[in-house]
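Undergrad: This is the structure I want to talk about, given as C-alpha cells.
Residue numbers (the working numbering): 83 to 239.
The following block contains the structure:
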C-alpha cells in the first residue's frame, strides 16, 4: 500500500484563503499607523523648529529672526552666528548656534529637496518642505495634506 505525504489542493486553498482574509484585516491597520506616525513626526518637527527659531530670536539683537541679517535662514539655523546675525566660525567668542543640526524633512512633502521657502506664496502649496515668514516668524509645513482626523490642513498646524 502506497502512502502519500503532503497536502491536498483543498487544504492549500483553505490556507491561502485564510491568509488572504488576515492580510485584508491587518494591512489597513499598518497603513493607518504609518500615517499617524508621520503626523506625529510632522508636529514634533514643527514644534522643534519653532522653539529653536524662538531661541534664536531671544539670543540676537532686536529680537531678530533667522535670516534677517547677512546669514541665510539655513546658515542661521545650522551654523554659528554672532549676536548681530553675521555668520561666524565655530569657536568664535560669543557665537550662537547651531540651533539645528539639520533642518528636518517634512514627512508629507514630495519636494525633491529639503527646502525652506522664505516668504512668497502661502504655506500649503506643496512646492517646498517648509515655509518661513520673515515678518511674523511663522514656520509652517508646505505640503498639500490634511489631518485625517480633523481635516485641518498641515499648513495650519
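C-beta: ideal position from N, C-alpha, C; glycine also.
Looking at the structure shown, is residue 285 part of a helix, part of a strand, or coil, going by DSSP?
TA: Residue numbering for the chain in the displayed model covers 83 to 239; residue 285 lies beyond these limits and cannot be assessed.
Undergrad: Are at least three pairs of beta-carbons, each pair with one atom in the segment 169-178 and one in the segment 190-206, less than 8 Å apart?
TA: Under the Cβ criterion (8 Å, minimum of three pairs), the segment 169-178 does not count as touching the segment 190-206.
Undergrad: Quick one: measure Cβ to Cβ for residue 117 and residue 230, integer angstroms, because I've assumed they're closer than 8 Å.
TA: 6 Å
Undergrad: Residue 184 to residue 112, Cα distance in whole Å?
TA: 29 Å
Undergrad: Over what stretch of residues does the alpha helix (DSSP H) that includes residue 92 continue unbroken?
TA: 91-141
Undergrad: So, helix, strand or coil for residue 223, using DSSP?
TA: strand
Undergrad: Taking only runs of the beta strand (DSSP E) that begin and end inside the segment 150-214, which ones reach a length of at least 3 residues, in chain order?
TA: 198-200, 212-214
Undergrad: Please confirm if the segment 98-115 is in contact with the segment 137-157, defined as three or more CB-CB distances below 8 Å between the two stretches.
TA: no
Undergrad: Looking only at its chain, what residues have a beta carbon closer than 6 Å to the beta carbon of residue 222, apart from the 5 residues adjacent to it on each side?
TA: 205, 213, 237
Undergrad: Output needed for residue 197: all residues of its chain with C-beta closer than 7 Å, excluding positions within five of it in sequence on either side, in chain order.
TA: 210, 211
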